[in-house]
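Engineer: In mature numbering (1 follows the signal peptide of the UniProt record, and there is no 0), the protein residues as written are -30 to -1, 1 to 527. By construction, the Cβ of each residue, glycine as well, lies at the ideal position given by its N, Cα and C atoms. All of these numbers come straight from a predicted model, not from anything done at the bench.
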Ligand SMILES: [Zn+2]
């Protein structure tokens, strides 16, 4: 079975390479997806494969990847463009255990569209602040809230704060400003996500004078000051401009960071040169004044985009402040940051790391198909870095999910051209890896306005100990328990009994003694022989045992 799978995969891989070569010369796509079974993604029965991926025992490390605004639609848009409809994204699509989760926020106050106070009732479309609070604290709250309850003041402990109390190293990285909602939910507690800097401050970010102070968060410290107080071992992203704000002691928040022992690399080269990150010298990497530069050049959707020739995405040559910079310039990519963070955090006691691909959301808001695809590709590469680490460190739980769904939809341009439907807003035609057109539509705001988040459930995918909790339908708040339980070993199900023991199932590849491996191998051979001779109930019993031993065998080899 295993050999058959491997050879089938090799065949598929070759077909994929052929497809790439053919597509690049502009000839019709030559894959076999028109044949019966040709588009199948599974290599035969998956039962044993899935069973082998259900890992028991405590996780030492957790890496949580968030694609901001990365709904199923955004994943599919990117997959079609980057690797073709039958292709597989190397990182995002590689996690074996997947499910769906709900993401709704809660109302705070009266919604004028209904009678009476709506406080505490579901608000079906969440923003990044409420959704992030959901997984970071296990608590549902209102849109705009950063790890506080409905009252705006009750601070709920975050996963990162809890991990610190357990002696784990911690990290929080993003391609947005580090003060932005998704990174902020692990590091701070404020009533409003806009409370970046101390009150009354105007600072220059991306060449513009801007104000995002604590006016809406009375009595609370700004997000960036709390980032310093929480003192994760590694925080990296953009948002350097906001640190020019002056704190109560008369020094800028950046100076206060440096005074407090933070290392502050501002380029990839400086980040690479960092050799340690701990409580005596934590890392605050700030690689852009505001959000970091996106990978692909903007392709704003237009009212007649569906009728234009399909086009490929180009590398971005303009930085957020308008200057001419070819991506990534001096910035690290998200994969670079992920790799560096893992290297700095990996230690005997374990670590918790959150990684956000932030601008899938921001480019979706701007109705920019290539923009969001480039950011999804960035996240995909970062996930691959995390998975490569997890595959060689069997005690690492990886979760890949998103915070909320978004607006982009793959539509049939022929229907619009034929007059049977009218696009609400903008469309854009992409020339995909398949060599055909993918029309992406944006219709949750007027063209030129900011496209809106949407309220559908999202994919959550997992790998490693505790990843079984991703399966089925869960809620965003379940992630809090999944990660906490995995890291603490509390509330985990015991190992199954049929032919296996806790000891054998929880043994990881690195520590598996050769003696145990050969014992399991020999047991598998013996069972296979016994099954050939056995009949009826005994045969079924032996088969169940064989399946369980093979699952263990796969973990050992
Ligand atoms: Zn958004």
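(1) Go ahead and pull the three-state DSSP assignment for residue 26.
(2) Roughly how many whole angstroms lie between the Cα atoms of residue 69 and residue 160?
(3) Specify, as a first and last residue, the run of the beta strand (DSSP E) that residue 429 falls within.
(4) Pick from 521, 316 and 36: whose alpha carbon is nearest that of residue 99?
(5) May I ask you to report which of helix, strand or coil DSSP gives residue 350?
(6) From 429, 422, 361 and 447, pick the residue whose C-alpha is nearest to that of residue 526; which is it?
(7) In whole angstroms, what is the alpha-carbon distance linking residue 119 and residue 93?
(8) Among 24, 370, 178 and 172, which has the Cα closest to the Cα of residue 185?
(9) Is residue 331 near ligand 1, judged by its Cβ being under 7 Å from some heavy atom?
(10) Going by DSSP in three states, residue 138 sits in which element: helix, strand or coil?
(11) Considering only their Cβ atoms, is the gap separating residue 256 from residue 210 smaller than 8 Å?
(12) Name, in chain order, the residues that DSSP records as bridge partners for residue 31.
(13) What are the complete beta strand (DSSP E) segments, minimum 3 residues, inside the segment 191 to 242?
(14) Can you tell me whether residue 424 is buried or exposed? The criterion is at least 16 other CB atoms within 10 Å of its CB, across all chains shown.
(15) Taking Cβ to Cβ, would you say residue 314 is nearer than 8 Å to residue 204?
(16) If you reduce the DSSP assignment to three classes, tell me which class residue 318 lands in.
(17) Which same chain residues end up closer than 7 Å to residue 102 when comparing Cβ atoms and leaving out the 5 residues on each side of it in sequence?
(18) Does the distance between the C-beta of residue 43 and the nearest non-hydrogen atom of ligand 1 fall short of 7 Å?
(19) Where residue 345 and residue 60 are concerned, what is the direct C-alpha to C-alpha distance, given to the nearest angstrom?
(20) So for residue 375, helix, strand or coil by DSSP?
(21) According to the Cβ coordinates, are residue 67 and residue 437 closer than 8 Å?
(22) If you check the beta carbons only, do residue 446 and residue 104 fall under 8 Å apart?
(23) Taking all protein chains shown into account, decide if residue 221 is buried (16 or more other Cβ within 10 angstroms of its Cβ) or exposed.
(24) Would you grab the beta carbon distance between residue 271 and residue 339 for me? Rounded to a whole angstrom, and I think it's under 8 Å.
(25) Buried or exposed for residue 403, going by 16 or more other Cβ atoms inside 10 Å?
(26) Once DSSP output is grouped into helix, strand and coil, what is the label at residue 445?
(27) Should residue 39 be listed as close to ligand 1, given that the test is whether its C-beta is under 7 Å from any heavy atom?
(28) Spell out the partners DSSP gives residue 252 in its beta bridges.
(29) What separation, rounded to the nearest whole angstrom, lies between the Cα atoms of residue 397 and residue 386?
(30) Could you tell me if residue 12 is buried or exposed, where buried requires 16 or more neighbouring beta carbons within 10 angstroms of its beta carbon?
(31) Taking contact to mean at least 3 C-beta pairs separated by less than 8 Å, is the segment 416 to 431 in contact with the segment 299 to 313?
Structural biologist: The short version:
(1) The DSSP-derived three-state label of residue 26 is coil.
(2) 31 Å
(3) 428 to 433
(4) Minimum Cα distance to residue 99 is reached at 36.
(5) helix
(6) 361
(7) 15 Å
(8) 172
(9) yes
(10) coil
(11) yes
(12) 366
(13) Segments of the beta strand (DSSP E) lying fully in the segment 191 to 242: 204 to 208.
(14) Answer is buried; the Cβ neighbour count reaches 16.
(15) yes
(16) Secondary structure of residue 318 (DSSP, three-state): coil.
(17) 151, 152, 155 and 373
(18) Because no heavy atom of ligand 1 lies under 7 Å away, the Cβ of residue 43 does not count as near it: no.
(19) 14 Å
(20) strand
(21) A contact, by the Cβ cut-off of 8 Å.
(22) yes
(23) exposed
(24) 7 Å
(25) buried
(26) Note: residue 445 maps to strand in three-state DSSP.
(27) yes
(28) DSSP lists no partner for residue 252.
(29) 10 Å
(30) Exposed, by the Cβ-count rule.
(31) no
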